[in-house]
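Let me begin by presenting the structure, written as structure tokens, before commenting on it.
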Amino acid sequence: MLKTALAATAILMLTAGAAAARPGDTNNPIALKMALGTDVVTVHGVLRQNVDCCVYTFKAGAGQTLHWTLSGPAARIGLTYPNGDGINPGLPNPTPLPQTGAYTFSVSPDLMAEGAFGKFTLTIRI
């Protein structure tokens, strides 16, 4: 009986942990891959109150330049370099990329502005 109860508790904890992970949250960023022969990708998302979203990753080389456009709600944009340093918020556009590796690009609601929630379109070009 005790083993059954412990097993049920373990399953519930694993299920709760899996349900808490969302694509696009800090611990589960969405990988952006550009189509072969292109240098641009466009994604759509939604900024909601009390929801951790939207974090993307992409690979780039040192010396490349990141260009980005965002349309939609008032948002804060951040970039984390492969070594963990970065700019958050206040990412200039364009931004030189100083390292080779995986970058993390984050879009979050600007809670200091009106209209911080809703659908957005993000375009990234390297």
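All residue numbers for the sequence shown refer to the numbering used here, where the first residue is 1407 and numbers rise by one. All C-beta atoms, glycine included, are put in the ideal place defined by N, C-alpha and C. Since we're looking at a predicted model, the values are computed, not measured.
The stretch 1429 to 1445 and the stretch 1480 to 1498 do not touch, with fewer than three beta-carbon pairs separated by less than 8 angstroms. In the three-state scheme derived from DSSP, where H, G and I count as helix and E and B as strand, I1493 is classed as strand.
In this structure L1503 touches T1471 by the C-beta definition: roughly 7 angstroms separates them, less than 8 angstroms. Residue nearest to G1524 within the set N1456, A1466, F1464 and I1436 is N1456 (criterion: CA-CA distance). If you ignore the 5 residues before and after T1432, its C-beta comes within less than 7 angstroms of the C-beta of D1458 and V1461, all in its own chain and listed in chain order. By DSSP's assignment, R1482 forms a beta bridge with S1514. A Cβ-Cβ separation of about 5 angstroms places L1528 in contact with V1449 under the 8 angstroms criterion.
DSSP links I1532 through a beta bridge to no other residue. DSSP, reduced to helix, strand and coil, places K1439 outside both helices and strands of the structure shown, so it counts as coil. Judged by DSSP in its simplified three-state form, V1452 adopts strand. The Cβ atoms of N1499 and T1463 do not sit closer than 9 angstroms to each other.
Residue pairing by DSSP puts G1524 in a beta bridge opposite L1453. Annotation: E1520 to N1494 spans about 20 angstroms, alpha carbon to alpha carbon.
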